[in-house]
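Numbering (my numbering), first residue to last: 39 to 246.
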């Protein structure tokens, strides 16, 4: 069996990954709800990951010693795609990936083995902010590129990421909670963030 029980094999870019079976996590209307799964995988964010890979390919044209930190890696799909598509020789990008969820770390390791990309890949079971702190402050490794792609707002991780990234490095932030943050669901906005918001012309900008 290629994937553990409850997971199915998916292909994204050049990566083969085991993801939670979407059929097990569908709403009454039939739509897949990724937040219900034991490990988060959002197929709607493929384009986001395409852009990430393309950007790192461009970075490699200018420098050859890139450290990538993916502290909210979940299934590991982003880092695996970076390894396979941006640096197939595995000589120029060191990948540090982790997650606070033990389920995520276990499937991440499985997916790394599945794609045979152990070289220069390092996995941790850790909180994202603590992971950044450990790497930068305790081990003296300054990431060239930090990717923050949480379920919800990236706000809790911005300070650590901006303080941890190498000078002239890049922090990529993905916000998947914009509908709430822009004031569309006022009760959720107050419950999650303690903020009273209104829908306005500039709501998307305010949300970011």
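Idealized CB from N, CA, C, for every residue including glycine.
In this text the structure is predicted, and so the values were computed from the model without any measurement.
DSSP three-state assignment for residue i, whether helix, strand or coil
i: residue 69; result: coil
i: residue 136; result: strand
i: residue 128; result: coil
i: residue 183; result: strand
i: residue 77; result: coil
i: residue 239; result: coil
i: residue 110; result: coil
Span separating the alpha-carbon of residue i from that of residue j
i: residue 134; j: residue 109; result: 7 Å
i: residue 237; j: residue 159; result: 43 Å
i: residue 220; j: residue 241; result: 5 Å
i: residue 64; j: residue 70; result: 4 Å
i: residue 45; j: residue 177; result: 35 Å
i: residue 206; j: residue 75; result: 37 Å
i: residue 97; j: residue 154; result: 24 Å
i: residue 62; j: residue 73; result: 12 Å
i: residue 217; j: residue 163; result: 30 Å
Residue from the options whose Cα sits closest to the Cα of residue i
i: residue 115; options: 64, 148, 131; result: 148
i: residue 41; options: 59, 50, 51; result: 59
i: residue 187; options: 53, 211, 235; result: 211
i: residue 86; options: 165, 117, 235; result: 117
i: residue 184; options: 239, 196, 155; result: 196
i: residue 92; options: 67, 125, 62; result: 125
i: residue 51; options: 99, 120, 62, 77; result: 120
i: residue 106; options: 209, 66, 140, 112; result: 209
i: residue 43; options: 157, 80, 235, 145; result: 145
i: residue 189; options: 78, 49, 67, 95; result: 78
i: residue 194; options: 168, 150, 179, 66; result: 168
Bridge partner(s) assigned by DSSP for residue i
i: residue 56; result: 47
i: residue 210; result: 185
i: residue 160; result: 134
Contacting residues, own chain, Cβ-Cβ under 6 Å from residue i (five flanking each side not counted)
i: residue 202; result: 170, 174
Cβ-based neighbour list, residue i, same chain, cut-off 8 Å, excluding 5 preceding and 5 following
i: residue 130; result: 98, 102, 103, 104
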